[in-house]
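This report concerns only the one structure given below.
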Amino acid sequence: MPIYSLSRVLRCFALRQYHEKELTVEEDALTFLTDTDLVVRLTMSQQGRWPTNGETVSELEHKLGECIWWLIILTERMNIDISEALEEFLSKTENI
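Read in order, the letters of the sequence shown are residues 4 to 99 in the numbering used here.
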């Protein structure tokens, strides 16, 4: 059962149009990496280990959602079925 619909993925692609041309897959991956760094900082802030100047929980929720969005974008662009990849990972992990 997919965790997202095709229409939502297509809408995600449309949201990415900030430049005159589409970002490369490599640029998408780097942007995802930047967002994961922000998740780490917001997590540290939420746990009281990093200074905060805003609403940490809502910012963290937003950034976690954005990271999931980037994973969907990356897998779609690389022709990887994210549901199958997750299922395979879980199956292998359960057998360890």
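Glycine included, each C-beta is placed from N, C-alpha and C at the ideal position.
Given Asp-38, which residues of its chain have a CB within under 7 Å of its CB, disregarding the five upstream and five downstream residues? Lys-66, Glu-69, Cys-70, Trp-73
Nearest to Ala-88 (by Cα), restricted to the options Ile-99, Ile-75, Asn-98: Ala-88 has its Cα closest to that of Ile-75, out of Ile-99, Ile-75, Asn-98.
Return helix, strand or coil for Trp-73, following the three-state DSSP convention. Shown here, Trp-73 sits in a helix according to DSSP, grouped into three states.
Cβ distance (whole Å) where Leu-63 is taken to contact Thr-46 below 8 Å: 7 Å
DSSP on Ile-83, reduced to helix/strand/coil? coil
Thr-59 and Ser-48 - do their beta-carbons sit closer together than 8 Å? yes
Could you tell me how far apart the beta carbons of Met-81 and Val-28 are, in whole angstroms, since I believe they sit closer than 8 Å? 6 Å
Give me, in chain order, the residues of the same chain whose beta-carbon lies closer than 7 Å to that of Ile-85; leave out the 5 immediate sequence neighbours on both sides. Leu-74, Ile-75, Thr-78
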